[in-house]
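Just so it is clear: in the sequence shown, position 108 is 652 by our numbering, and no numbers are missing. Every residue gets a Cβ at the ideal spot worked out from N, C-alpha and C, and that includes glycine. Each remark here refers to the structure printed beneath this line.
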Amino acid sequence: MPDRVPENPERHDDDARLLDGTASAGGAGHAVPHDGAVPEDDAATTTEEETGPRPNVFLVWLKEIVTVVAIALVLSFLLKTFLFRAFYIPSESMESTLDVNDRIFINLLVPGPFDLQHGDVVVFKDTQGWLAPTEKKPAGPMDWVGDSLEFVGLMADDNEQHLVKRVIGLPGDHVTCCDAGGRLSINGVPLDETYINPAETPRPEQFDIVVPEGKVWVMGDNRNHSADSRSHQEMNGGFVNIEDVEGKATVIAWPVNRWTVLDNYPDVFKNVPAGASGK
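Following this line, the structure appears as structure tokens:
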């Protein structure tokens, strides 16, 4: 009697699908079930084939880092252009409020849209020639790095053609010096200037001025070592044009042990009446 062929032949090893998803040479591979469902291993293989190879993890990480840095630079540039800007202090004229090599941030919204006030520490462009011209340093191969960081506001501006002083007289103010106690007065009110460098008593320098519209009278806190409005009355009357004011110094950002918010000492000026211009 001929041998009976079994309905379900015994499965051999060569019927198994190889790891690369192809059938072995000796077998026909898996049959699709009657319900049309694809076996799990087939579905997984299809999904992997459709999605393609996995992305390079390093390239993905690098792309994220570049994106974050680019966003940070754009935000820094916007802050530097519209809100804040960094400067460093090259001289002793504002000691002990500001020391040599302090790094400060200035608020670019003062002046305009916010007005200057008595006692504000301001940075302004030297359009009146208060400073001696500086020799331009020879270009170096890495200058572009510092220029780029300064451009986006991540490095302090070391341009020495800027000055930093304290606003004493606003437009319309009558400022005089000195009374019997060596104090200066604004609109007839003598000031007890608590921000002056306590290490030295200021030498009395006589002056009597009225601040014109659009200008301010500025002085350094280290009075005996500050070539301020008093020293430049032959040029523009010693006044600083408000349009030359870059901004109001707000904080000392570096070094860390010098970090502080800068004060405009409102108590010193609280009794000063408005000047002739109504300011």
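In the three-state reduction of the DSSP assignment, Asn731 falls in the coil class, being assigned neither a helical nor a strand state.
Annotation: Asp670 is outside any alpha helix (DSSP H) and is labelled neither H nor E by DSSP. The shortest C-alpha to C-alpha distance from Pro742 to any of Glu757, Gly725, Asn766 is the one to Asn766. Under the three-state reduction of DSSP output, Arg647 falls in the strand class.
Nearest to Ala724 by alpha-carbon distance, out of His706, Pro715, Pro748, is Pro748. The Cβ neighbour count for Met638, taken over all protein chains shown within 10 Å, is at least 16; the residue is labelled buried. Under the Cβ criterion (8 Å, minimum of three pairs), the stretch 713-722 counts as touching the stretch 751-763. In the DSSP assignment, the residues bridged to Ile796 are Ile648, Thr804.
Taking the Cα positions, Asp643 is about 25 Å away from Gly726. Taking all protein chains shown into account, Phe658 has fewer than 16 neighbouring C-beta atoms within 10 Å of its C-beta and is therefore exposed. The C-beta separation of Gly663 from Val711 comes to about 7 Å, placing the pair in contact by the 8 Å criterion. Distance from Phe751 to Thr794 at the Cβ level is roughly 29 Å; contact not present, criterion being Cβ atoms closer than 8 Å. If you draw a straight line from the Cα of Asn785 to the Cα of Leu728, it comes to about 22 Å. In the three-state reduction of the DSSP assignment, Lys759 falls in the strand class.
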